Amino acid sequence: MSGAGLSFRIGLLVAVIDVVVACSPEPVGMPGIRGMHEEGRYAETLELLASLLDESPDDLALNHLYGVALLATGNSGMAVWPLRKAAEAADDGVEDRLLLAAALLRSTSSEDGIVALGQVLALEPDNIEALIKRAGANLEQNKHEEVLADAERVLALVPSNMRATLWRLKSLADLDRIDEAKIALEETVESLSTSKASRALEPRLCGMAAELEEADGDDDAALHKWEECLEEFPGAEMLVTEAVRLFDKRGDHDRSEAQLRKAIEARPRKLSFRKALAARLVEQERLKEAEQLLLDAATTEEKAPAAWMALADYYRSRDDAAASARATEQALHQMDSVLPVVLGQYADDLIQAGEFARANEVIAELDTPRLVNLLEGRMLLAKGDPASALEKLEAGLQLWPGNPTARWLAGRAAEELGDFDRAISEYRNSVRAGASQTDAAIRLAHIHEAEGALGDALFVLSSRIRANPDDVDAYLSMIRLGRLGGPPGTSRDALKALSRLPGQEVTSLVTAAALQAGVGGAAAAVKVIERGELDLNAPENFRALAAMVEHLASAGRLDEGLTRVLTALEAHSDSAEFHHIHGRALRASAKPADQIKVAFERALELEPEHSQALADLARAVAEEGRVEEALALYDRAILADDNDSSSAWAAVQLLDEKDEREPRLIALLDAHPLHAKAATLLAEILVEQNGDLERAEQLANRAVRFGGGREARDIQARVALARGE
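Going left to right, the sequence shown walks through residues 14 to 738 as our numbering numbers them.
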């Protein structure tokens, strides 16, 4: 699996944190649990607290302790329910409301957390923690007036509070009260001149001075100040992070990359810098560089388990579960003690890699029934048995009803079984429990889109973006829905937000060109890409070159498109992507079949599992009547990218015999349950063969529900007639 598999593994990472490999064999009462919390042993109390709550679900103390343990172990989404129960039942409830606010801020939307903090402040107007948390939440939403009010309120109570001081400075600047902000900054620097905290705050205050110059409209002075700050503090994480964010905001992404490299040079062991740079390189398709950057961190020291885990995360992002498992094994060998989160993640990697025997061995080491049910359900789903998987997951959900990953898995199983109402319910529950922990929101949006319920799809995507504002897929889905008939401005606003994300220059430009093509035609799209001033000869910008060539072909400028590709190949003849684009340009220009095939074959020599090159070569081979060879190529394309249904559908269309089509259609619908054409065709085959008419009816109903149109309705009527209805 690709995106979905990754989302599951990310969700499992959050879920497993809540589990302990083995609980204490001795009964532990409430004092014992509190004592373990005082020692920081939160994870060890989770299973016991869950069991006690099964017996006494309304016990306020148990709900409080369970919420605290969940929050402390990183599972904020699951902590919301017990903390809300404890907070709402208590007369005072300040502590629980503060904890609830923290859980809400981390797991859902800032608005819910702000409401909870307002309830705390209604009880205790001078609660410093609540004021600080609310200011921070409002800062994320750019509510500068509210930030300033809370910051000044804190400073009136505690003049030395540095966080409030910094936020006051920032809010003044954001409100264009630059002169006041500069005076306040000077006063802050002066007051800290003799403070021990001065050195630690110097990088941040230096950056603040640069921000104020920029806000005052003096770009030259701002740039000079940033250079001074970064020269003096090249490895200061807060300063580097803020500087990179501002460089990105100005569109100077090359400067951001250069600064991260300087930061790594200054602090080579600082993993966060390497991870940030690697993420940028991945977005630019510079995968070998990203991998090497993390591999260097893992191999330059004798013991570097955190670096190996970062490398494992990278492999997961590339949907390479086997490599992720191997990297995790390296980390395990170097760890003095193995945390449950690592063991559970390792088991999931093994499942995703198809190493079921080893996964079973790891699962056997876990002594937590609900986690075991989750992993075993996941394994059954991976083995292609959604019915058994759903049974196992239902057993786990009885013990763990608020787990977002278990709900997501149940939704996946239900979707594969064709029970879309159940899938929708499970995905909704997963989103409520933790919108950022799985791709449930994306899958739910796809179902609504297929149903034609664009408003529902957009609503779900909005919740996803609130929880995960860097989700590129969510923005692209919103742009697509906007083009299909969403509210005016939907596509424009989503594209604007997408363009602000680091590393998305190519994606934003290609998407903007596609939008313009729909309005002003292919020639207008070409102009959009030209104005982007990207180097189309650079391999990392291959998607922009592909879009340019496609739009040139649509505008009738075929020779110009071919010339651009050949120029890029002269610069980088080792680029599989450029050879693939060349093949498509040749096909669009109706060049000889042998030339087209040579281009695709060269792409596959360089990248054997290039899914689109495999599919395009299969098409070329099929046009020559070599069906078996084409089917083999399509099968390789399916394995290379299981998110794309086009190769599976193309393979079906090559076949004439119904008994050959049927198994391929079943496999296609297992992987892509919303494929209306496949559902229609399979229903037709079942009717013509007098096969399983109940199954045919389900498929026909599915096809009608998900946009199959007149053909689907015709088959639906034929099925009803065959059943004597």
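Built from N, CA and C at the ideal position, the CB exists for glycine as well. Only a predicted model underlies this, so the values are computations on that prediction, with no experimental measurement involved.
Keeping to the same chain, check which residues put their C-beta closer than 7 Å to that of Val732; ignore five residues upstream and five downstream.
-> Ala696, Val700, Leu706, Ala709, Glu710 and Ala713
ask   = By Cβ distance, which residues of its chain are closer than 6 Å to Ala480, with the 5 residues on each side in sequence left out?
value = If you ignore the 5 residues before and after Ala480, its C-beta comes within less than 6 Å of the C-beta of Ala448 and Ser449, all in its own chain and listed in chain order.
Q) If we count Cβ pairs, one from each stretch, closer than 8 Å, do we get three or more for the region 717-726 versus the region 482-493? A) No: fewer than three Cβ pairs fall under 8 Å.
CA-to-CA distance, Arg176 to Lys7, given in whole angstroms:
The structure shown does not extend to residue 7, since the chain spans only 14 to 738, so no value can be given for it.
Give every residue of the same chain whose Cβ lies closer than 7 Å to the Cβ of Trp413, excluding the five residues on either side of it in the sequence, and list them in chain order.
Arg383 and Ala419
>> List, from N- to C-terminal side, the alpha helix (DSSP H) runs of 4 residues or more that fit wholly inside the region 215-241.
In response: Entirely contained in the region 215-241, not one alpha helix (DSSP H) run reaches 4 residues.
Give a yes or no on whether the C-beta atoms belonging to Ala526 and His564 are separated by under 8 Å. yes
Note to self: By the three-class DSSP mapping on this structure, what secondary structure does Ala735 have?
What the structure shows: helix
Are the Cβ atoms of Ala817 and Gly80 separated by less than 8 Å? With the chain covering only 14 through 738, there is no way to say anything about residue 817.
_If you reduce the DSSP assignment to three classes, tell me which class Glu637 lands in._
coil
- Item | Inter-residue Cα distance where the pair is Asp572 and Val578 | 10 Å
Proximity to Asn416 [Cα-Cα], best of Asp655, Ala74, Asn88 and Gly45: Asn88
If you count every other CB in all the chains shown that lies within 10 Å of the CB of Gly516, and 16 or more means buried, which is it? buried
Margin query: To the nearest angstrom, how far is the alpha carbon of Gln740 from that of Ser476?
Written below: Residue 740 cannot be examined here, being either before or after the span of the chain that is shown, 14 to 738.
Please report the Cβ distance between Gly499 and Leu467, rounded to the nearest whole angstrom; I am assuming they are in contact, meaning their Cβ atoms lie under 8 Å. 6 Å
Indicate the three-state DSSP secondary structure (helix, strand or coil) for His623 in the structure shown. coil
- Proximal residues to Pro38 (C-beta, below 7 Å), its chain only, five neighbours per side dropped: Any answer about Pro38 is weak, because its pLDDT of 36 lies below 50 and its placement is not dependable; what the coordinates show is given next. Taken in chain order, the list of residues that qualify is empty.
Uninterrupted alpha helix (DSSP H) stretches inside the region 680-724 (no shorter than 4 residues): Listed in chain order, they are 689-701 and 706-718.
*Tell me whether Gln272 counts as near the ligand ADP, meaning its Cβ is closer than 7 Å to at least one heavy atom of that ligand.*
You won't find the ligand ADP in this model; it holds no ligand whatsoever.
Q: Give every residue of the same chain whose Cβ lies closer than 6 Å to the Cβ of Gly220, excluding the five residues on either side of it in the sequence, and list them in chain order.
A: Cys242, Leu252 and Glu255
Next item on the list: Tell me where the alpha helix (DSSP H) around Gln529 begins and ends.
Entry: First-last of the alpha helix (DSSP H) with Gln529: Glu518 to Gly533.
Host alpha helix (DSSP H) of Arg420 (start-end):
Pro417 to Glu429
Determine the extent of the alpha helix (DSSP H) in which Trp739 is found, giving its start and end residues. Residue 739 lies beyond the residue range present for the chain, which begins at 14 and ends at 738; the question has no answer from this structure.
Cα-Cα separation, Leu687 to Glu464: 9 Å
Report task. Excluding the 5 residues preceding and the 5 following Ala311 in the sequence, name in chain order all residues of the same chain whose CB lies nearer than 6 Å to its CB. Result -> Its chain contains Ala317, Ala320, Trp321 and Leu324 as the residues whose beta carbon lies nearer than 6 Å to that of Ala311, once the 5 sequence neighbours on both sides are disregarded; these appear in chain order.
Item checked: Exposure label - Val29; buried when at least 16 CB within 10 Å -> Residue confidence for Val29 is low, a pLDDT of 42 falling below 50, so the modelled location carries little weight; the figure read from the coordinates is stated next. Val29 is buried by the Cβ-count criterion.
Fill in: Cα-Cα separation between Leu646 and Leu668, rounded to whole angstroms
Answer to the nearest angstrom: the Cα atoms are 14 Å apart.
Review point. Do Gln154 and Ser184 have their C-beta atoms closer together than 8 Å?
Key: No, these two residues do not count as a Cβ contact at 8 Å.
Original post:
With C-beta atoms as the reference, is Ala222 less than 8 Å away from Leu198?
Top reply: yes
**Message:** Quick check: Thr58 and Ala74, are their CB atoms within less than 8 Å of each other?
**Reply:** The beta carbons of Thr58 and Ala74 sit no closer together than 8 Å.
Would you call the CB atoms of Leu619 and His592 closer than 8 Å? yes
key: Extent of the continuous alpha helix (DSSP H) to which Asp657 belongs   = It is not in any alpha helix (DSSP H) - Asp657 carries neither H nor E in the DSSP assignment.
key: Proximity of Ala606 and Ala631 at Cβ, strictly below 8 Å   = no
* Bounding residues of the alpha helix (DSSP H) (the contiguous stretch that carries Lys183) -> Met175 to Asp187
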